[in-house]
Amino acid sequence: MILVPIYQLMVCPYLEYAGATDETDRTAFDEPRAFCTVIDEFVQPMRADICNDRYELSHEYHCEIYREHTDGKDEHAAEKSE
Amino acid sequence: MSYENYLGDEPLIVTAAVTGGVHGKEANPNVPETPEEIGRAAAAVEEAGAAVIHLHARKSNGERTFSTDRFQEIDDAVREHTDDIIIQHSTGGTGASDEDRHLPLRTDPPPEMASLDMGPLNRYDHLTSENTRGLVNSLYDEMQERGIKPELEVFNDGHRNEVFGLLSRRDLDEPVYATLIFGPGTLTRPTPQNFLNAIEDLPDCALFNTLGFGRHQLPFAAMGIVFGGHIRVGLEDNVYYRRGELAESNAQLVRRSVRLADELEREVASPAQAREILGL
Ligand code: SF4
Numbered sequence: 242m243i244l245v246p247i248y249q250l251m252v253c254p255y256l257e258y259a260g261a262t263d264e265t266d267r268t269a270f271d272e273p274r275a276f277c278t279v280i281d282e283f284v285q286p287m288r289a290d291i292c293n294d295r296y297e298l299s300h301e302y303h304c305e306i307y308r309e310h311t312d313g314k315d316e317h318a319a320e321k322s323e
Numbered sequence: 621m622s623y624e625n626y627l628g629d630e631p632l633i634v635t636a637a638v639t640g641g642v643h644g645k646e647a648n649p650n651v652p653e654t655p656e657e658i659g660r661a662a663a664a665v666e667e668a669g670a671a672v673i674h675l676h677a678r679k680s681n682g683e684r685t686f687s688t689d690r691f692q693e694i695d696d697a698v699r700e701h702t703d704d705i706i707i708q709h710s711t712g713g714t715g716a717s718d719e720d721r722h723l724p725l726r727t728d729p730p731p732e733m734a735s736l737d738m739g740p741l742n743r744y745d746h747l748t749s750e751n752t753r754g755l756v757n758s759l760y761d762e763m764q765e766r767g768i769k770p771e772l773e774v775f776n777d778g779h780r781n782e783v784f785g786l787l788s789r790r791d792l793d794e795p796v797y798a799t800l801i802f803g804p805g806t807l808t809r810p811t812p813q814n815f816l817n818a819i820e821d822l823p824d825c826a827l828f829n830t831l832g833f834g835r836h837q838l839p840f841a842a843m844g845i846v847f848g849g850h851i852r853v854g855l856e857d858n859v860y861y862r863r864g865e866l867a868e869s870n871a872q873l874v875r876r877s878v879r880l881a882d883e884l885e886r887e888v889a890s891p892a893q894a895r896e897i898l899g900l
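These protein sequence lines are chains A and B, in that order.
Note that the working numbering has the first sequence beginning at 242, numbered continuously upward.
Note that the working numbering has the second sequence beginning at 621, numbered continuously upward.
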């Protein structure tokens, strides 16, 4: 069985941490940065807290990009928002 | 504060908001984030004429942190690189717990100033920074205990009511220092009429600081200078130098505002003069 740290289960599935080794031009930063694969862009540091569900923030509730992208496709999100 | 203060030759306090907590190097690679980068930015803005530096803390990947230890590292770097600049910590933090919001006040020594947000503001499409009165009271009380001067951040007209409310709940030292914030979203709409109304509607005991977001930074700085207030500029509030051209540094934005003050015949305050004006 592979153990996965709990935080990896909570973060948005569309979040990646991207750095200099990635294929696209992600070379501007010393450390990997929060990258949203829905919009194909780095996200603001404050938005990265939502992507990571920090400070009781939730990507399902608080991120309009996630909400628009899933748009009812994610049953789990739909249940929780009721 | 008014046009009379401009005519009365009160020196202008320039605050540099160098990093902020919302955007980072993805918006402008010149935003300083590490303690060393912030320390060097502090030296440059002090050299350019800023008397106050407004600080947020970041982790090494640029993301937000509220930890006392990180603020301490940043303060140490700022003090190492500067002569006399006044350190002002942000206590803002969308989503962060009330306990986290107090952490920036607990460095040793404490900052001379700290921001105190006067009420709620919307973030993105589904998020609000709450800034309840209970939190405002508790942050204010800890500032008072630790000898920290609050900078009251007034994001909109309703928040001016909250300033009067805080004055009725607590015994603030004079002069009260209020930053009037103009721009999109929850902020006061950025028009000259609203600016004039805002400065007219402050309590008599208040000095005002002027903050325009984005493209409003320059014209609102000019209005702040002419109407006897003080100004805040920097990459936290505006990543551009002019339309379509990213700012090279915080110092570049400070230098422009100092040139503007010079042309408008307003002396720029040294940190020592700023301490006197603010009653630090
Ligand atoms: S921006 Fe929204 S959709 Fe993209 S990774 Fe973050 S939470 Fe997910």
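Where a beta carbon is used, it is the ideal one built from N, C-alpha and C, also for glycine.
Please read these numbers as outputs of a predicted model, since none were measured by experiment.
### Task
Put residue 643 of chain B into one of helix, strand or coil per three-state DSSP.
Reading the second sequence from its first residue, position 23 is the one you call residue 643 of chain B. Three-state result, residue 643 of chain B: coil.
### Message
Is it the case that the stretch 689-707 of chain B contacts the stretch 279-286 of chain A, given that we only count it when at least three CB pairs across the two stretches are under 8 Å?
### Response
no
### Message
Could you give the first and the last residue of the continuous beta strand (DSSP E) run that contains residue 614 of chain B?
### Response
Look at the range of chain B in this structure, 621 to 900, and you will see that residue 614 of chain B is not part of it.
### Message
Taking 6 Å as the cut-off, is the beta-carbon of residue 300 of chain A closer than that to any non-hydrogen atom of the ligand SF4?
### Response
As a first step, residue 300 of chain A must be located in the first sequence, where it is residue number 59. Yes.
### Query
Quick one: Cα of residue 262 of chain A to Cα of residue 271 of chain A, how far?
In the first sequence, counting from the first residue as 1, residue 262 of chain A sits at position 21. In the first sequence, counting from the first residue as 1, residue 271 of chain A sits at position 30. With a pLDDT of only 46 at residue 262 of chain A, under 50, the local geometry of the prediction cannot be trusted, and the value read off the model is given with reservation. Near 11 Å, if we compare the C-alpha coordinates of residue 271 of chain A and residue 262 of chain A.
### Task
Go ahead and label residue 817 of chain B buried or exposed: buried means 16 or more other beta carbons lie within 10 angstroms of its beta carbon, across all protein chains shown.
Translated into the one-based positions of the second sequence, residue 817 of chain B becomes position 197. Its Cβ having fewer than 16 others within 10 Å, residue 817 of chain B is exposed.
### Task
Go through the stretch 263-306 of chain A residue by residue and report every complete run of the beta strand (DSSP E) that reaches 3 residues or more, in order.
274-277
### Query
Could one say the Cβ of residue 287 of chain A lies closer than 7 Å to chain B's Cβ atoms, at least one of them?
Along the first sequence, one-based indexing puts residue 287 of chain A at 46. Yes, residue 287 of chain A counts as interfacial toward chain B.
### Query
CA-CA distance, residue 291 of chain A and residue 882 of chain B?
As a first step, residue 291 of chain A must be located in the first sequence, where it is residue number 50. As a first step, residue 882 of chain B must be located in the second sequence, where it is residue number 262. Cα to Cα, residue 291 of chain A sits roughly 43 Å from residue 882 of chain B.
### Integer Cβ distance of residue 898 of chain B from residue 797 of chain B, believed to fall under 8 Å
Walking along the second sequence from the start, residue 898 of chain B turns up at place 278. Walking along the second sequence from the start, residue 797 of chain B turns up at place 177. Yes, residue 898 of chain B and residue 797 of chain B are in contact; Cβ-Cβ is about 6 Å, under 8 Å.
### Query
Are at least three pairs of beta-carbons, each pair with one atom in the stretch 854-874 of chain B and one in the stretch 762-772 of chain B, less than 8 Å apart?
no
### Message
Less than 6 Å separating the Cβ of residue 642 of chain B from some heavy atom of the ligand SF4?
### Response
In the second sequence, counting from the first residue as 1, residue 642 of chain B sits at position 22. Flag unset: Cβ of residue 642 of chain B not near the ligand SF4.
### Task
Check whether the Cβ atoms of residue 624 of chain B and residue 655 of chain B sit closer than 7 Å, and answer yes or no.
Here residue 624 of chain B refers to the residue found at position 4 of the second sequence. Here residue 655 of chain B refers to the residue found at position 35 of the second sequence. Contact flag unset, no.
### Query
Buried or exposed: which applies to residue 304 of chain A, given that a residue is buried once 16 or more other Cβ atoms fall within 10 Å of its Cβ?
Locating residue 304 of chain A in the first sequence gives position 63, where the first residue counts as 1. That one is buried.
### Message
Taking its Cβ as the centre, do 16 or more other Cβ atoms sit within 10 Å of residue 800 of chain B, making it buried, or is it exposed?
### Response
Within the second sequence, numbered from 1, the residue matching residue 800 of chain B stands at position 180. So residue 800 of chain B ends up on the buried side.
### Bridge-paired residues (DSSP) for residue 809 of chain B
Mapped onto the second sequence, residue 809 of chain B falls at position 189. Residue 809 of chain B pairs with nothing; no bridge assigned.
### Message
Closer than 8 Å is the cut-off here; do at least three beta carbon pairs connect the stretch 671-682 of chain B with the stretch 626-640 of chain B?
### Response
yes
#### Entry: Exposure label - residue 274 of chain A; buried when at least 16 CB within 10 Å
Position 33 of the first sequence, counting from 1, holds the residue named residue 274 of chain A. The residue in question, residue 274 of chain A, is buried, as its Cβ has 16 or more Cβ neighbours within 10 Å.
### Among B:729, B:726 and B:807, the one whose alpha carbon lies nearest that of residue 737 of chain B
As a working mapping, residue 737 of chain B is identified with position 117 in the second sequence. Answer by Cα proximity: B:807.
### Message
By alpha-carbon positions, which one of B:850, B:846 and B:835 ends up nearest to residue 857 of chain B?
### Response
On the second sequence, position 237 is the one that residue 857 of chain B refers to. Minimum Cα distance to residue 857 of chain B is reached at B:835.
### Message
By the three-class DSSP mapping on this structure, what secondary structure does residue 673 of chain B have?
### Response
Taking the second sequence and counting its residues from 1, the one referred to as residue 673 of chain B is at position 53. Strand.
### Task
Grab the span of the beta strand (DSSP E) containing residue 707 of chain B for me, first residue to last.
Here residue 707 of chain B refers to the residue found at position 87 when the second sequence is read from its first residue. Segment 706-709, the beta strand (DSSP E) holding residue 707 of chain B.
### Task
Can you tell me which of the three DSSP states residue 840 of chain B falls into?
As a working note, residue 840 of chain B is residue 220 in the second sequence. Looking at residue 840 of chain B - three-state DSSP - the assignment turns out to be helix.
### Task
For residue 736 of chain B, verify whether its CB is less than 6 Å away from any heavy atom of the ligand SF4.
What you label residue 736 of chain B is simply residue 116 of the second sequence in a count that begins at 1. Not so, every heavy atom of the ligand SF4 lies at least 6 Å from the Cβ.
### Query
Under the criterion of a Cβ to heavy atom distance below 6 Å, does residue 255 of chain A qualify as lining the ligand SF4?
Residue mapping note: residue 255 of chain A aligns to position 14 of the first sequence, counting from 1. Checking every heavy atom of the ligand SF4 against the Cβ of residue 255 of chain A, one is found closer than 6 Å.
### Message
Any beta carbon from chain E within less than 7 Å of residue 256 of chain A's own beta carbon?
### Response
Reference to chain E is not applicable here, since the protein chains of this structure are A and B.
### Task
Give me the Cα-Cα distance between residue 730 of chain B and residue 745 of chain B, rounded to the nearest whole angstrom.
Stepping through the second sequence from its first residue, residue 730 of chain B is reached at position 110. Stepping through the second sequence from its first residue, residue 745 of chain B is reached at position 125. Going by the C-alpha atoms only, they are around 35 Å apart.
### Message
Looking at chain B, is there any beta carbon in it that lies within less than 7 Å of the beta carbon of residue 322 of chain A?
### Response
Translated into positions along the first sequence, residue 322 of chain A becomes position 81. Note on residue 322 of chain A: pLDDT 41, under 50, position unreliable in the model; the coordinate value appears next. No, no contact with chain B.
### Task
Could you check if residue 892 of chain B is buried or exposed, using at least 16 other CB atoms within 10 Å of its CB as the buried criterion?
Looking up residue 892 of chain B in the second sequence gives position 272. Exposed, by the Cβ-count rule.
### Beta-carbon separation (whole angstroms), residue 709 of chain B vs residue 724 of chain B, contact threshold 8 Å
Residue 709 of chain B sits at position 89 when you count from the first residue of the second sequence. Residue 724 of chain B sits at position 104 when you count from the first residue of the second sequence. Their Cβ separation, rounded to whole angstroms, is 4 Å, which keeps residue 709 of chain B and residue 724 of chain B in contact under 8 Å.
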